[in-house]
Amino acid sequence: MSAGLRILIVDDEAPARARLRNLLADLAAEVPTCVVGEAVDGVDALERLESVTADIALVDIRMPRLDGIELARHLARLPTPPAVIFTTAFDQYAVKAFELSAVDYLLKPVRAARLAEALTKAARSPSTAAALHQASEEIAPGGRRQLRCSERGKVLLVAVTDVIYFKAELKYVTARTREREYLLEESLSQLETEFGERFLRIHRNCLVARTAISGFEREYDDPAGDGEGHWAVLLRGIDERLPVSRRQWPQVKALIG
Amino acid sequence: MVSIREMGQDAGGRLRQNFHPLRLPDFCNLGTWLRVLLAVNAMALAVVLAGNRQLAGLPGDFVELAAYVEPITLGSLIALCGGQRWLLRLSPLAAAAAPVLIAMAMATLFATLVAPIETVQQSYWRIWFWSALTAAVLLAWFDLATRARTPAVTEARLMALTARIRPHFLFNSLNAVLGVIRSDPRRAEAALEELADLFRALMQDNRELVPLSDEIALARQYLELERLRLGDRLHVRWEIDSCPADALVPPLMLQPLIENAVYHGIEPLGGAGEIGIRLARSQDSVEIELTNPRGGNGHSGGNQMALANIRERLLLFFDLEATLETQATADHYLVRIELPYRMERRHERRSENTDR
Chain A
1 MSAGLRILIV
11 DDEAPARARL
21 RNLLADLAAE
31 VPTCVVGEAV
41 DGVDALERLE
51 SVTADIALVD
61 IRMPRLDGIE
71 LARHLARLPT
81 PPAVIFTTAF
91 DQYAVKAFEL
101 SAVDYLLKPV
111 RAARLAEALT
121 KAARSPSTAA
131 ALHQASEEIA
141 PGGRRQLRCS
151 ERGKVLLVAV
161 TDVIYFKAEL
171 KYVTARTRER
181 EYLLEESLSQ
191 LETEFGERFL
201 RIHRNCLVAR
211 TAISGFEREY
221 DDPAGDGEGH
231 WAVLLRGIDE
241 RLPVSRRQWP
251 QVKALIG
Chain B
1 MVSIREMGQD
11 AGGRLRQNFH
21 PLRLPDFCNL
31 GTWLRVLLAV
41 NAMALAVVLA
51 GNRQLAGLPG
61 DFVELAAYVE
71 PITLGSLIAL
81 CGGQRWLLRL
91 SPLAAAAAPV
101 LIAMAMATLF
111 ATLVAPIETV
121 QQSYWRIWFW
131 SALTAAVLLA
141 WFDLATRART
151 PAVTEARLMA
161 LTARIRPHFL
171 FNSLNAVLGV
181 IRSDPRRAEA
191 ALEELADLFR
201 ALMQDNRELV
211 PLSDEIALAR
221 QYLELERLRL
231 GDRLHVRWEI
241 DSCPADALVP
251 PLMLQPLIEN
261 AVYHGIEPLG
271 GAGEIGIRLA
281 RSQDSVEIEL
291 TNPRGGNGHS
301 GGNQMALANI
311 RERLLLFFDL
321 EATLETQATA
331 DHYLVRIELP
341 YRMERRHERR
351 SENTDR
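So the protein lines, in turn, are chains A and B. 257 is the number that our numbering gives the last residue of the first sequence; the numbers go up by one with no jumps. 356 is the number that our numbering gives the last residue of the second sequence; the numbers go up by one with no jumps.
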C-alpha cells in the first residue's frame with residue numbers, strides 16, 4: 001500500500017460500500033487513497049478506529065444502532081479525528097443543514113468526479129469541528145443521544161436517557177444506569193455543558209438526571225445527629241443516595257423548588 | 001379489471017360515475033344504510049319536536065314514531081338493495097321514482113299488515129305523503145352529496161393519493177445496482193428490470209381495482225430489490241395459502257405497506273429482522289396483515305403519512321366497508337386491513353352508454 005489518503009467507508013448496505021470502493025480504485029491515479037476499513041454502522045466504525053487511523057471517513061447518514069450524524073459527534077471527540085464526508089440518498093433536511101454550515105456531503109449514487117473533489121477538499125481543508133457541530137445540532141438537536149464506552153476493544157453505547165448519574169473518580173467518569181456502571185472517557189464539565197438541561201450538578205464530582213431525583217434527605221456525619229450534616233439526593237430506580245455539597249445546595253434547592 | 005367508471009353501474013362499487021340526472025346511492029352499501037337510518041330518525045325527531053307542546057311526552061312519542069318508521073325504512077332499503085340491478089337499467093326518471101314508490105308501498109304494507117291504521121290514527125294519505133317526502137328528500141341529499149364528489153374530483157383525489165415510492169428507496173436502489181454492476185452484472189440486470197416494472201406499476205393509471213395476485217407479484221419484485229440492498233438483514237414470511245388471488249384490491253396497497261415495514265422495521269435494526277405478510281379470506285372479507293419488528297433507533301415520522309394515504313383510498317373505494325387498524329407492541333408493529341371480498345367479474349362489463 002502506497003501512501004495515500006486513508007479512507008474508512010461506513011455504510012450499512014454492502015453494495016453501497018462496493019460502489020465507493022470501485023470509485024476510489026478508479027480515482028487512484030488522480031487521488032491516491034487506500035481503504036483502511038469498512039464498517040457497517042457507527043458502532044462498527046468506532047470499533048475499527050480503535051486499531052486503525054483514517055484521514056477521511058465516508059459516512060452514510062441513515063444507519064442502524066448509531067447513525068451518521070451521531071457517529072460524527074463521536075468522531076469529533078477522538079484525539080485525531082478523521083475528516084467526515086457524509087453520503088446520503090435523499091435526506092433533504094440533512095442536506096440543507098450541511099449546505100448551511102458548509103459540511104461536505106455526497107449524494108448517492110455518488111459520482112467519481114464529485115468524490116474526487118470532496119476527497120481533495122477534505123485533505124486540504126476538512127469541515128471544521130464547529131461546522132460539524134452546527135450541522136448535527138441542526139439535524140438532531142440536544143447533543144449526543146448515546147455515550148460511548150470502550151470495554152476490551154468493544155464499543156458499548158449508553159443511552160443518555162438511561163443514565164441516572166455521572167460521577168467523577170480520579171481520571172474517569174462513571175455513568176450509572178439502572179443496571180450497571182460504565183466507564184467513560186469524558187470530563188464532567190464537558191458533560192455538564194452538553195447535557196446541562198437534563199442533568200443537575202449536586203457536587204463537584206457528580207451530575208444527577210433531574211428526572212431521576214425522587215427526593216432529599218438530611219444526613220448526619222456523626223451518629224449522634226450533631227452538627228449540621230448535609231443533604232442527600234434519593235434516586236428513582238436504584239437504592240443509592242448521593243450527597244449534595246454545601247456549595248451546590250442553594251442552587252439545587254432553587255432549581256427543585 | 002373493474003374500473004371505477006364501470007363500478008358506478010355495478011352494485012358492488014361505491015364510486016358513482018354514471019350520468020343520471022339524479023345520482024342514486026349504492027343501496028347495498030353499509031354506509032348508505034347508516035346514513036339513511038340516521039336521517040330518517042333525525043326527521044322523525046324533528047316531526048315529534050314540531051308537533052309536541054309539552055316536553056314530557058317527547059321521548060315516548062319519539063320512540064313510538066321511530067318504531068313505526070324504522071321497519072318501513074329497513075324494508076325499503078332491503079327491497080332497493082335487492083332490486084338495485086334492475087333499478088340501474090331503468091330510465092333516469094323511473095329510477096328516481098322507484099325508491100319513492102317503494103317507500104310508499106312499504107309504508108302502506110306496514111300500515112295495513114303490521115300496525116293497523118286506526119291504532120296510530122293516521123290516514124293512508126298522510127302515510128303516503130310522509131314516506132314519499134322522506135324518500136324524495138333523501139334522494140336529493142344523496143344526489144347532492146355525490147355531486148360534490150364528482151367524477152373529476154374523485155379521480156383527481158385518487159390520482160393525488162396514488163402511493164408514491166420514497167425517493168430514498170429509488171436512489172439507494174440505483175446506488176446498489178451501481179455497486180454490484182461490476183461484480184455481478186446479471187444481478188444488476190435483474191434489479192434494473194425489477195425497478196422498471198415497479199415504476200411502470202407506479203406510473204400506471206391507478207384508479208382501478210386490481211386482483212390481489214398482481215399486488216403480490218409487485219410486492220415480491222419490490223422485496224427482491226430490497227434484498228439487493230439489505231442482504232441477509234431482510235427476512236420475509238409469507239402466509240398466503242388461503243389467500244383469494246382473485247380478490248380485487250386498491251392498486252399499490254401492499255407494496256407501500258411493505259416499504260413502510262422495511263423502512264421503519266428492518267433498516268433501523270442492528271441485526272436481521274423479519275416482516276410477516278398474511279393474506280387470508282374470512283367469509284366475505286379479505287384480511288391483510290403486516291408485521292414488522294420495532295425498537296431499532298427509529299426513523300421517526302413518515303409512517304402515518306403512508307397509512308393515511310391508504311386509509312383514504314380504502315374509503316374512496318369501499319366507503320365504510322373497509323377498515324385499517326394498527327397496533328404497536330413493545331417489539332412489533334402490526335397493520336391490519338379488512339376489505340370486502342370482491343371478485344373480478346368480466347362478464348359484467350356493461351357499457352355506460354345504456355345509462356345515458
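We put the beta carbon where it would ideally sit given N, CA and C, even for glycine.
Of all residues in the stretch 159-187 of chain B, only Pro-167, His-168, Phe-171, Asn-172, Leu-174, Asn-175, Ala-176, Leu-178, Gly-179, Val-180, Arg-182, Ser-183 come within less than 7 angstroms of chain A when Cβ atoms are compared, listed by chain position.
Leu-23/A carries a helical assignment under DSSP once its states are collapsed to helix, strand and coil. At a cut-off of 8 angstroms between C-beta atoms, Ala-72/A does not count as an interface residue with respect to chain B. Phe-86/A has its alpha-carbon roughly 15 angstroms from the corresponding atom of Ser-125/A. If you look at Arg-210/A, you'll find it isn't in any beta strand (DSSP E); DSSP assigns it neither H nor E. The count of Cβ pairs closer than 8 angstroms, one atom from the stretch 133-145 of chain B and one from the stretch 88-100 of chain B, reaches three, so the stretches are in contact.
Across the set Leu-27/A, Asp-60/A, Ala-29/A, Asp-55/A, the C-alpha of Asp-60/A shows the shortest separation from the C-alpha of Asp-44/A. Under the three-state reduction of DSSP output, Glu-338/B falls in the strand class. Asn-29/B and Leu-58/A have their C-alpha atoms some 57 angstroms from each other. The beta-carbon of Glu-289/B is placed no less than 8 angstroms from the nearest beta-carbon of chain A. Interface with chain B (8 angstroms Cβ-Cβ cutoff): Lys-154/A is excluded. Assignment of Val-114/B by DSSP, reduced to helix, strand and coil, places it in the helix class. The alpha carbon of Leu-80/B has as its nearest neighbour, out of Gly-57/B, Thr-32/B, Pro-167/B, the alpha carbon of Thr-32/B. The beta carbon of Leu-223/B does not come within 8 angstroms of any beta carbon belonging to chain A, so the residue lies off that interface. Arg-227/B and His-235/B have their alpha carbons spaced roughly 9 angstroms apart. Beta-bridge partners of Tyr-105/A (DSSP): Phe-86/A. No Cβ-Cβ contact shorter than 8 angstroms links Glu-239/B with Ile-266/B. The beta carbon of Leu-192/B sits no closer than 8 angstroms to any beta carbon of chain A. For Arg-229/B, at least one C-beta of chain A is nearer than 8 angstroms to its own C-beta. In the DSSP assignment, Lys-121/A falls within the unbroken alpha helix (DSSP H) covering 112-124.
Straight through space, the alpha carbons of Val-173/A and Ile-213/A are spaced by roughly 20 angstroms. Taking a beta-carbon distance threshold of 8 angstroms, Lys-96/A does not count as an interface residue toward chain B.
Comparing C-alpha distances from Ala-72/A to each of Ile-164/A, Ala-135/A, Lys-171/A, Ile-7/A shows the shortest one belongs to Ala-135/A.
Closest in C-alpha terms to Met-343/B, from the list Pro-250/B, Asp-246/B, Ala-330/B, comes Asp-246/B. For Phe-199/A, the enclosing beta strand (DSSP E) covers residues 199-203. Collapsing the DSSP output to three states places Gln-283/B in coil. For a cut-off of 8 angstroms, the C-beta gap from Leu-147/A to Val-160/A is around 6 angstroms, short enough to register as a contact. Chain order gives the chain B residues near Asn-22/A as Arg-182, where near means a beta carbon separation below 7 angstroms.
Shown here for Arg-187/B: same chain residues with a beta carbon closer than 8 angstroms to its own, the five before and five after excluded, namely Val-180, Leu-228 in chain order. DSSP, reduced to helix, strand and coil, places Arg-237/B within a strand of the structure shown.
The straight-line gap separating the alpha-carbon atoms of Val-69/B and Gly-75/B is approximately 10 angstroms.
Think of a sphere of 8 angstroms around the beta carbon of Pro-109/A: the chain B residues whose beta carbon falls inside it are Phe-171, Leu-174, Asn-175, Leu-178, in chain order. Look at the beta carbons and you see the stretch 103-111 of chain B not touching the stretch 245-252 of chain A: under three pairs across the two are nearer than 8 angstroms.
Per DSSP, reduced to three states, the secondary structure at Gly-273/B is strand. For the set Arg-48/A, Leu-8/A, Leu-100/A, Asp-41/A, the Cα lying nearest the Cα of Cys-34/A is the one of Leu-8/A. Glu-267/B belongs to the set of residues whose beta carbon lies under 8 angstroms from a beta carbon in chain A.
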